[in-house]
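Chains as they are written, first to last, in the working numbering: chain A, 1 to 621; chain B, 1 to 239; chain C, 1 to 493; chain D, 1 to 119; chain E, 1 to 305. Have a look at the structure below before the remarks.
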Amino acid sequence: MSPQAILITAFAGAGLVFLAGKVHSHLRDFLAVLSSLALVGLIAWSHGQYGPDNEIVYVPDFLGMELALRLNPLAWFFAIYIAIINAASVVFSLSYMKGKEKLGFYYSMMLLVNAGMLGIVLSGDFLSFYIFWEIMSWSTYLLISYRRGPALHAGMKYIIMSLVGSCAMLVGILSLYAQFGTLQIAELGEAIAGSSSGYVLFILMAMGIAFGVKFAILPLHTWMPDAHSEAVSPFSAVLSGVLVRMGMYGFLLVMYSIVGLKTILNLGAGFFNFHYILSWLGAITIVIPTFIALLQNDAKKLLAWHGIGQGGYMILGMAFGTSLGVAGGIFHTINHGSYIALLFLVVGAVEYRTGGVRDLNRLGGLIQRMPVAFFGCLVGIMGLIGMPLTNGFVSKWFIYKTLITEGHPFLAFMAFVGTWGTILSVYKLLHNMFLGQLPEKYKEVRKAPISMQIPILFFCFVIFLFGVLPGIPLRAIQGIQDTMGFAPLQLTMWGLASGAGALNMLNICFAIVIAFAVVLLLMRLGAKPRRVPQEDSYAAGSSVPAGKYHHSVEFYNPLYQMISPYLKDRVDQFYYWAADKAQGVFELTRRIYTGYAGTYVLYIISFLALLIFLQLAWEIW
Amino acid sequence: MRRLISLLLLLIVALGIFLCFSGASFGAEGASRAGKLTEDKVNFGRRYASRGLEENKAGNIVASVVVNYRGFDTLGEVTVLFIAAVGLAAILHARREEATPSKAEPASLIVFTGCRFLFPLILLLGAYIFIHGHLTPGGGFQGGAVVASGFLLIYLGCRGRGLRSAGVAVAESLSGLAFLAVALVGLAVGGSFLLNFLPKGSAFALFSGGVIPLIYVAIGFKVGSELGGIIDNLSGEAR
Amino acid sequence: MVSPILLIAVPLGLAFAIPVLGLASKRVPRYVPVIAMLFNLVVSVSLLPHALKAPIVVRTAGWAPPYSIHLVAGPLGVLLSSLIALIGLLVAVYGIDYIREGAKVKYQILYILMLVGATGVVLTGDIFNLFVFFEVLCISSYALVAYRGDSTGVEAGAKYLIQGAIGSGLVLIGIGLVYGTFGTLTMADIAANVSSVGSFRLFVSLAFLITGFGVEAAIFPLNGWLPDAHSSAPSSISAILSGIAIKAGLYAIARVVYTVYGASSILPFLAVLGIVTLLIGEMCAFGQEDIKRLLAFSSIGQMGLILFALALASATGISGAVFLIVSHGLAKALLFLASGYMIYRTGSRDISSLNGIGKRMPIMSLCFTVGAFSLIGLPPFVGFASKFTIVRAVLGTGSTFFITLLAIGLIGTVIEGAYFLRIVQGFYFKPAPEDSPEQTEGKVPFSALVPVGLLAVLILTIGLFPGIVGRVLGPAADDLLDRTAYVQHVMGD
Amino acid sequence: MSFLSSYIHYIGCFSLILIGLYVVLVKPNLIKVIIGINLMGTGVNLFLVTVGYIHAGTAPIFSEAAQQPEGMVDPVPQALVLTAIVIGVAVLALALSLAIRVYDHYGTLDLRKIKALRW
Amino acid sequence: MTGIIQIVLSPLIAFVVGVLFLGLARKIIARVHRRYGPPIYQPVIDVVRMMSQRSISHGALFELGVVLALAGSLVTVMLIPLGGTEAFQPFAHSVLCPLSSSGGLLVVMYLMLFGPLGLALGAGASANPNASIGVSRKMLLALAYEVPFLLVILAVMSQYGSISLTEIVARQQQASWGVLSVPLSAVAAFLILPAMLGIRPFDLVTAPQEIASGPLAEYGGTCLALITVQKAIHLFVVIALFVDLFLGGGVNLATFLVKMLAVFLAVEMINAVLPRVKIEDAIKFCWKWPTALAFVQMTITVLSK
């Protein structure tokens, strides 16, 4: 299937859904699901159809440049990943969004974001890359704002940072054009080979700012917690799952497809090596946001901070430039997509059923009311932590191993500490939502509807599938790495085959299953316990008052008191400070226009005098 | 403070202007001293002075330049005046609707009669000036201004009388259109806008200069009606 | 081929005829501007292919260029006159029903004359004639700004007039100095001689011209009138003022600096000026609460960017500038037109009162959004294509000076994004204010929807296929850059 | 001395221009500002005419008595000045009408107090 | 075949040794306190007795959590080499470690998570506030000791340049033991052993007097039996890991167990004499001395590489 067909379907879907929304709501929902599923199908079908046949110049002359689309392993991999998560979110939206206003807008924007992202990965040149990037940016902005209230602020924050990034990217892209006269990604790789390292660094910086903003690398991350928590949950899933990871795609594209592995590794000397500095940024991005996540009480904010933190792992793996590390980075990207999307959907389901509550201090005990959501949450946090049998484990293992064998234990330490922070905070998420006492008012909460359960269960399946048989995605990643000139890994279906440092998920899986079976057997051997209601529990002789005795507020209080003084988001504070000062300056600037006509005339005459003075003093002409 | 800054700035500007004149020759006078007033070029109007009479048969070279060589400017100029008249009417529109009819006393009989007596004479003088614009100093603008002064007199002397707005509208429309029509006929006949397509006659006769007197008459009417209209509007009389 | 002079003569004639027509019928004058601009549009577009081959030199009164006034319909001139006619046409259609108070017939006359002035400015080849048309443009805008006779309009008109009159006085001094030096007023003739003189006097004359035209072009610090005038005028006039009038001023500066003087060494100064204008404009726009004032300040910013691009002195730079003139003209006209009816609807110009208008006026808000996105430079709208061209041109120069300026200028773009997107958010995602009166007179008539919708469609179409305009940009840039060719075309030989 | 004699006209007209500008700059009264603008305009017109002036020249009008172009001053600036004067009149008329309306609305002509539009 | 034997054998060893260690612990403490103490096999008796007692359950997760915890611990055992090298080969494999090629130390670290997580899930399902408090403490304590522990493990891994435990053990046996090559790490690891085992002074998770045994408050019968088994195996795993990392593993199973016993006795002496601390103090302690020591050692190791 040609990339053109995919894009046409994507954009036409967005348009049609909007129009259908004017006609009938069922038609709209149907079309939305249909087109997002059709995209998954189309992309899946086009697997392996790479090469020149699928390079299409769709606008031959855009101000003297060619706009082209192409399909290659990297593009295909990201495309299918985008399409699947988006499709799941759209299906989830069916019941989540039911009865809300402006649904035509909502669905068409969902599909437009999707189309924009597909456009990004399918573009064959940087101009179309930029165009689709921007389409994605502004449609995202509109979607974030959709929920109103504080979402508006989040949306503004997002779009301003995003605009800064786009400006930087535009400069980078057009500098490439000025230097080499082409923007075709395929040609740029050869063209840039001979340029000086300073120039390459400039390009990487310019692009890096754009990608970094989207990717929420540490000093550029501040939009993300707000945006993720304020967006509607299905879109948060897309946002955190794939949209943010477009930055990853960008980094991969620029660093390895264009600049090339060798140049990257030799950029700078010793400690001040480009990829080394990037890795440190990644490591910092892991630790600080993860611990900030620990302090959050808003379920989605907590997940959003984890989204930032997990991004650090990807950068860490990717920046290292070893086969294993990059594979880990890419693999972690899709893994993260699967479980963070899952978690956002779960939170969405809870939110849906409890009437919009996502404050962790006010929930609890929902396990009995919403078992599927609980299961999804459990699997999700296992993935997020990286417990064995989940896909998160494999990719993290790759990254850790890279760090240790490459001799960077400090980076590894930060990654590990980040993992521990993750464990603490996601357990809090699980505990405060599903475990403990069920508050009185949620007694009547019903199960999540089927259209929510399907995506949740689907992601659970994916998490385990890739966790036990990581070879499936890793094959595809291998294909990507081949095009970038990495040494091939010794892959097997169940992990990595290379001597003592090997990984065999199948063995671990068997061992765990057997151990499970044995323990279950043991349990059967013992006396069977009597089922009692959840509330009927030991409380030193008196019964526990229902709904009032749930330990969730300040769950990790001792730790909060210790670390919270150190974990203010000072970057965000700095941005606010700067914005505040800038506004002050703006206000002062406005005072130039005093409203007194004489002053304006004075300006005119001073301008004239200035010109004459300049000429007298410096002979400007 | 403000005065000081203003003076300083103006001083710089003045210095700049002063230094302008220190260099090469400036203006027609400078050129003539440097002996650079050549006739084949457009150079300081030499060409018009030497060949204008022969080309347009109009004794007043300024009229020739105004109506023919730089007639396009004149069209713009007429337009500007038109804009001023229309704009002024538009701006004062609301005011005129609000205003109440003035109850000023009528002028004394002597003034009244004197104005009525002078009025046709003034019109005649104006007409004379614009009709002879191509021969003597003066022309459409000057004539038009004189005509307008006649209306001013009527306003001052004979309260309650004046131009009828419909009449003004028709006059300014038709005179403007006449100007354009003459110019466009030139375009149609000779392929050039404002072309002096009529037989030019012999110099210094009343019927000479081709289209120049025609256009001057049109301008005269137009300027007269527009200035009249402006006066009418500024007088603030209620309608 | 029709003579380009008809672009001026025909609308002028129609304007002259309106008072008579107005006597005959009250309704007819409303449609005259539409006819005039339709004629102009058809003629300019049909002239475009000819102008691309070679500039059309039109003589008046039958004399060859140096001896009389002439028009030079080069690619740039015809492109701009097409733009003027296009926007003029759409705004004229909008004006049919929009103008509800005051002397409506007078409005239509002034409206046509203003556009005639702008057309004359971009077509003329004579520096004094340039001044005359400039005055036609300016004086009719003074009148139109104050047209309604309300307090803000009159105040803005008076201030505009004071500054504009000073500006035109300065221009006239500049012209006098030029004439005193060369004894000619034909731009090509001056251009042919200018290299032979090169003295302080020339610079002073240039300074006077730049300052004088700069007042209309809204270069900082000459733009004190702009926010007042653009915000107080009727919206249709604001659209023309922002979309066309200030561009005419900039065109005049470019023509003088490039063609007449060939003063490439003051371009860096203009570039700095452009960026300063951009930043000041955007910074002032940021805190505005009045929608039209905000749009006006945003125009200042965009003018700065255009000036900056013009000052790049490269073909791509100037094409970028011209492209931005086109895209900003379309977008700003759209924004003012759309806001006009929104203001009618809500009865207030406060941005906060426009909250939630997306629901009440869906099409207008959608079009406004398109225009705002285009101004920010988001693809796939036309603003992106133009800003893209400019950035490309800057990086193409490879000069650190310009790239640094660009980097500073991009901050302005971000600020612009911030305040426009805030408005868009308000339209769709903020609740309408409780006390907003549901005014029935805000019902949008068909005659307003068509131009606004058409502008939005144009913005999108040209954004998707920039080649539509792109083909003209290169020749237009050469038109400005290539002095010798210009002189040769005009002077014959 | 020779400088003064040959440039005395220019000194005159530029003095007018600068005085006009000064008035506009420092006088807050709208009418005075308009007068300043007109002063400046007059100066400019004088300047234009002066540019075309030749020492001891004659008016560029032929008659049956005078048919020699020699010694005629430049007719072009005179045409220009004609245009400029008319434009000046137009601006003046508009300015006065605006002044009337401003006074209607604000009850004052002091520009320092007419600042409803600012910032 | 040997693989299967190993798979069966190593959890079994862990179970037996772990349970005996538990018994031993009580005996030792009693002796230090000048009491007689229960017999060393008392835990076995307890487990069997509890298996037959009928208890209550708060739902499927309440039980499954226990299963998860125990299963995780069992699998962890399989990843840890329990002695044996080329010198003494009880089986075809050189080392008693059934899953030696399945990810190494990194997997061990993650598998050790199953225990606390399973218990936390089970306890959380019970809606008992004491259980929740206990779980919260458990999580915090884990974070507290993991920071130095990670530094320790990383120092060892970079010292020997491998993430495979078997390889690390083999390297130690060829050259010097970990306790000599990374001494500060060994000290740090020893300091946090009580925290990892959840014994005094860090027994605040299951503090019976304060929060009614915390997570265990609701458990009884079969479940409590399995939790006891899990505790025993966890004890075994931790001590075995220490031996593997710092004391060169064991030439064979016997030496391995002897080393384990030595370490265990040392730890129990601390357990016997120190009082319980608050969770805040536990965190502060863990993040102060052990962390500093481990950090210094890691820096030295990295710089000397």
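Cβ atoms here follow ideal geometry from the backbone N, Cα and C, with glycine treated the same way. The model shown is predicted, which means the values in this text are computed figures rather than measured ones.
Straight across, the Cα-Cα distance linking Pro533 (chain A) with Ile82 (chain A) is about 43 Å.
The beta carbon of Gly212 (chain C) lies closer than 7 Å to those of Gly167, Ser168, Leu170, Val171 and Gly174 in the same chain, with the five residues before and after it left out. Residues are counted here when their Cβ sits less than 9 Å from a Cβ of chain A; for the stretch 1-16 of chain B these are Arg2, Ile5, Ser6, Leu8, Leu9, Leu10, Leu11, Ile12, Val13, Leu15 and Gly16, given in chain order. Excluding five sequence positions before and after Leu295 (chain A), the CB atoms of its chain that fall closer than 7 Å to its own CB belong to Tyr560, Ser564 and Leu567, given in chain order. The beta carbon of Arg116 (chain B) does not come within 9 Å of any beta carbon belonging to chain D, so the residue lies off that interface. Judged by their CB atoms, Val77 (chain E) and Phe236 (chain E) are nearer to each other than the 9 Å cut-off.
The beta carbon of Gly102 (chain C) is closer than 8 Å to those of Tyr147, Arg148 and Gly149 in its chain, skipping five residues each way along the sequence. Under the Cβ criterion (8 Å, minimum of three pairs), the stretch 63-80 of chain E does not count as touching the stretch 131-150 of chain E.
Interface annotation, Val601 (chain A): in contact with chain D, CB-CB separation under 9 Å.
Among the bridge pairs identified by DSSP, Leu503 (chain A) is matched with A:Leu496.
Going by C-alpha positions, Val238 (chain A) is about 14 Å away from Ser108 (chain A). Bounds of any beta strand (DSSP E) do not take in Val424 (chain C); it lies within the alpha helix (DSSP H) bounded by Thr400 to Phe429. Here the stretch 162-182 of chain E does not lie against the stretch 281-291 of chain E, with fewer than 3 beta-carbon pairs under 8 Å apart. Scanning its chain for C-beta atoms nearer than 7 Å, with the 5 sequence neighbours on each side dropped, one finds around Gly321 (chain A) the residues Leu261, Ile264, Leu265 and His275, in chain order.
Nearest CB-CB separation between Gly584 (chain A) and chain D: not below the 9 Å threshold. Note that the C-beta distance between Pro19 (chain C) and Glu172 (chain B) is below 9 Å. Close to Ile605 (chain A), with beta-carbon spacing below 7 Å, are these residues of chain D in chain order: Leu21 and Leu25. A Cβ of chain B is located within less than 9 Å of the beta carbon of Pro66 (chain C). Less than 9 Å divides the Cβ of Ile340 (chain A) from the Cβ of Leu384 (chain A).
Counting only runs of 3+ residues, no beta strand (DSSP E) is found wholly inside the stretch 224-273 of chain A.
For Val223 (chain B), not one C-beta of chain C is nearer than 9 Å to its own C-beta.
The Cβ neighbour count for Asn40 (chain C), taken over all protein chains shown within 10 Å, is at least 16; the residue is labelled buried.
Contact check for Ile390 (chain C) against Ala456 (chain C) fails: the beta carbons are separated by 9 Å or more. Of all alpha-carbon atoms in C:Leu267, C:Gly95, C:Leu79 and C:Gln163, the one lying nearest the alpha-carbon of Ser327 (chain C) is that of C:Leu79. Excluding five sequence positions before and after Val382 (chain C), the CB atoms of its chain that fall closer than 6 Å to its own CB belong to Ser327, Ser374, Ile459, Ile462 and Gly463, given in chain order. Taking a C-beta distance under 9 Å as the contact criterion, Phe193 (chain B) and Ser3 (chain C) qualify as a contact pair. Assignment of beta-bridge partners to Phe62 (chain A) by DSSP yields A:Met65. Asn504 (chain A) places its beta carbon less than 9 Å from that of Ala497 (chain A). In the DSSP assignment, Arg137 (chain E) falls outside any beta strand (DSSP E) and lies within the alpha helix (DSSP H) extending over Pro129 to Tyr160. In the assembly as shown, Leu4 (chain B) is an exposed residue. Its beta-carbon has fewer than 16 other beta-carbons within 10 Å.
Closest by C-alpha distance to Tyr603 (chain A), out of C:Ile84, C:Gln163, C:Ala15 and C:Leu52, is C:Gln163.
Secondary structure of Ile56 (chain A) (DSSP, three-state): strand. Judged by their CB atoms, Val58 (chain C) and Val72 (chain C) are nearer to each other than the 9 Å cut-off. The beta carbon of Leu122 (chain A) lies closer than 6 Å to those of Pro3, Leu69 and Ala75 in the same chain, with the five residues before and after it left out.
At a cut-off of 9 Å between C-beta atoms, Ser386 (chain C) does not count as an interface residue with respect to chain D.
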